[in-house]
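The number in our numbering is simply the position in the sequence shown, starting from 1, with 230 added.
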Amino acid sequence: MAELGSKGVTAGKIASNVQKKLTRAQEKVLQKLGKADETKDEQFEQCVQNFNKQLSEGTRLQKDLRTYLASVKAMHEASKKLTECLQEVYEPDWPGRDDTNKIAENNDLLWTDFHQKLVDQALLTMDTYLGQFPDIKSRIAKRGRKLVDYDSARHHFEALQTAKKKDETKIAKPVSLLEKAAPQWCQGKLQAHLVAQTNLLRNQAEEELVKAQKVFEEMNIDLQEELPSLWNSRVGFYVNTFQSIAGLEENFHKEMSKLNQNLHDVLLGLDKQYSGNAFPIKAQPRKKTKLFARLRKKMSSDSTPAKANKSPSPPPDGSPITSPETKTVNHELEPSTLEAPGASIPKSPSQPTEAAHAGAEAAGSEAAAGAEASKTEGDSGSSSLPAVVVETFPATVNGTVEGGASSERADMPPGFLFKVQAMHDYTATDSDELQLKAGDVVLVIPFENPEEQDEGWLMGVKESDWIQHKELDQCRGVFPENFTERVQ
Numbered sequence: 231m232a233e234l235g236s237k238g239v240t241a242g243k244i245a246s247n248v249q250k251k252l253t254r255a256q257e258k259v260l261q262k263l264g265k266a267d268e269t270k271d272e273q274f275e276q277c278v279q280n281f282n283k284q285l286s287e288g289t290r291l292q293k294d295l296r297t298y299l300a301s302v303k304a305m306h307e308a309s310k311k312l313t314e315c316l317q318e319v320y321e322p323d324w325p326g327r328d329d330t331n332k333i334a335e336n337n338d339l340l341w342t343d344f345h346q347k348l349v350d351q352a353l354l355t356m357d358t359y360l361g362q363f364p365d366i367k368s369r370i371a372k373r374g375r376k377l378v379d380y381d382s383a384r385h386h387f388e389a390l391q392t393a394k395k396k397d398e399t400k401i402a403k404p405v406s407l408l409e410k411a412a413p414q415w416c417q418g419k420l421q422a423h424l425v426a427q428t429n430l431l432r433n434q435a436e437e438e439l440v441k442a443q444k445v446f447e448e449m450n451i452d453l454q455e456e457l458p459s460l461w462n463s464r465v466g467f468y469v470n471t472f473q474s475i476a477g478l479e480e481n482f483h484k485e486m487s488k489l490n491q492n493l494h495d496v497l498l499g500l501d502k503q504y505s506g507n508a509f510p511i512k513a514q515p516r517k518k519t520k521l522f523a524r525l526r527k528k529m530s531s532d533s534t535p536a537k538a539n540k541s542p543s544p545p546p547d548g549s550p551i552t553s554p555e556t557k558t559v560n561h562e563l564e565p566s567t568l569e570a571p572g573a574s575i576p577k578s579p580s581q582p583t584e585a586a587h588a589g590a591e592a593a594g595s596e597a598a599a600g601a602e603a604s605k606t607e608g609d610s611g612s613s614s615l616p617a618v619v620v621e622t623f624p625a626t627v628n629g630t631v632e633g634g635a636s637s638e639r640a641d642m643p644p645g646f647l648f649k650v651q652a653m654h655d656y657t658a659t660d661s662d663e664l665q666l667k668a669g670d671v672v673l674v675i676p677f678e679n680p681e682e683q684d685e686g687w688l689m690g691v692k693e694s695d696w697i698q699h700k701e702l703d704q705c706r707g708v709f710p711e712n713f714t715e716r717v718q
């Protein structure tokens, strides 16, 4: 006890605090059960909700601001290392050596000043702004406890008031054995004692109620004045904070742009002095070279067995077989291309009538030879009939083609994708590559086999070669994509 007394805490005070906690807990239980009414202030509850929201937003802003400052510091370190690397690779005999050292020093000072001003004008202000919330939060919690004490005192006083009315009805007749056994002259004193005791308890309860009400109202009035004012102050704080950050960033980037311009001028002077040693732009290495040579070899190997299978067997009598040949003249087949005897069927109504009769006579004269050849080939189990070639023609109305592509697409090579323009000269290193000069326009087309395409390479034909020759197989080639820029 002596130790507790030395610290200003006595057993009576501890007991009083424990009693208060028990009374508050009992009152809250009664309120939750609905056996006791609870004093509510909707306006104050709204102020508390605004306070909690403001505290949450301020805490988040403080956290994000600290993250931003950490990022600025990290950028400072990265920029410092980059400038140190520039100073190390910059040889002493190169022009502008002293300028680069000065730029690096000013760059470091600019980052340091920017970070420090952010701390002073944003972070410290943020800490000061949030520093007032813990005290107000504890006062709100204390106000809630005092409200429970006020409700408990009010309920206790009301209970005594109700008990007083019951006691007054019982004073007229003695109810206790003591009152019945006491003489007549003593019963009056006992009744007076009971009345005095009841009045004393009621007076004490009333004093506790007044005291609890006074403490609660004092805290309630102060908080109802401070909370709305704190809630309204958030607008000005946010404006000042973000204006400071924006202003500091603007000044920082202005000064940094000047340093970058100075560094650019120094490096430009170095480039002019050593302009003969420009860094060459290289294309990505190719894995699939000699593309067209491999394709031609594959096509030749694929066509050899096909030709062997198509050759007809000689007839038994040794007579030569007249193989039908398809000749195209103005998109019209000659009569020899007909597969079966009979009247020739023109492809379009515009064919001359004489050509139709001539085709019919030629077909009739060759019917016997065709039938004999068909019989011979049928016996041998093979067929030498030529494949039927079906050509489609776009419909024309008044000389114009309907449904056709635009004239620009019609002039492009098959499968045209887009145009690119060479930004640098490129010297071909393989037979299937294009030789480019800066300014050349290339028409990009797809690869016949997508698996043959290397990463960073495109297939195309130079626009000038296509306009002049219209030969895709002879003019097309691959080229590096990073030497060009898309224009269409």
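Cβ atoms here follow ideal geometry from the backbone N, Cα and C, with glycine treated the same way.
Fair warning: this is a prediction, and the values are worked out from it, not measured in the lab.
Excluding residues up to 5 positions away in sequence, 686 lie with their Cβ nearer than 6 Å to the Cβ of residue 514 in the same chain. In the three-state reduction of the DSSP assignment, residue 649 falls in the strand class, which pools E and B.
The continuous beta strand (DSSP E) containing residue 687 extends over residues 687-692. If you look at residue 240, you'll find it isn't in any alpha helix (DSSP H); DSSP assigns it neither H nor E. Between the alpha carbons of residue 646 and residue 688 lies a gap of roughly 12 Å. Residue 387 is positioned such that its CB atom lies closer than 7 Å to that of residue 439. Remark: three or more beta-carbon pairs, one from each stretch, lie closer than 8 Å, so the stretch 349-367 and the stretch 293-302 are flagged as touching. Inter-residue distance for residue 650 and residue 656 is about 14 Å (C-alpha atoms, whole angstroms). Counting the other Cβ atoms within 10 Å of the Cβ of residue 476 gives fewer than 16, which makes it exposed. Judged by DSSP secondary structure, residue 340 falls outside any beta strand (DSSP E) and instead within the alpha helix (DSSP H) spanning 327-348. Separation of the CB atoms of residue 664 and residue 707 is rounded to 4 Å, and the pair is thereby assigned contact status at 8 Å.
Bridge partners of residue 710 according to DSSP: 687. Beta bridge pairing from DSSP links residue 715 with 651. Residue 318 carries a helical assignment under DSSP once its states are collapsed to helix, strand and coil. Taking 7 Å as the cut-off, the beta carbon of residue 499 is found closer than this to the beta carbon of residue 325. Collapsing the DSSP output to three states places residue 664 in coil. One thing to note: residue 442 has its Cβ within 7 Å of the Cβ of residue 383. When the Cα atoms are used, residue 254 and residue 292 turn out to be separated by approximately 36 Å.
Pairing residue 454 with residue 462, the inter-Cα distance amounts to about 13 Å.
Counting only the Cα atoms, residue 294 lies some 43 Å from residue 444.
When beta bridges are read from the DSSP output, residue 671 appears opposite 651. Taken atom to atom, the span from the alpha-carbon of residue 285 to that of residue 361 is near 10 Å. Per DSSP, the continuous alpha helix (DSSP H) segment holding residue 359 begins and ends at 354-361. Around the beta carbon of residue 305, fewer than 16 other beta carbons sit within 10 angstroms, so the residue counts as exposed. When secondary structure is reduced to three states using DSSP, residue 504 falls in the coil class, being assigned neither helix nor strand. Taking 8 Å as the upper bound for CB-CB distance, residue 385 and residue 266 are in contact here, some 6 Å apart. Rounded to the nearest whole angstrom, the C-alpha separation of residue 288 and residue 479 is 21 Å. Using a Cβ distance threshold of 7 Å, residue 359 and residue 281 do not count as a contacting pair. The same chain holds no residue with a CB closer than 8 Å to that of residue 490 once the five nearest residues on each side in sequence are set aside.
In the DSSP assignment, residue 656 forms a beta bridge with 666. Shown here for residue 486: same chain residues with a beta carbon closer than 8 Å to its own, the five before and five after excluded, namely 337, 340 in chain order.
In the three-state scheme derived from DSSP, where H, G and I count as helix and E and B as strand, residue 446 is classed as helix.
Distance between residue 261 and residue 378, taken at the CA atoms: about 10 Å.
In this chain, residue 514 is not harboured by any alpha helix (DSSP H), its DSSP state being neither H nor E. Per the C-alpha coordinates, the member of 345, 715, 363 positioned closest to residue 460 is 363. DSSP places residue 678 outside both helix and strand once states are collapsed to three, so it counts as coil.
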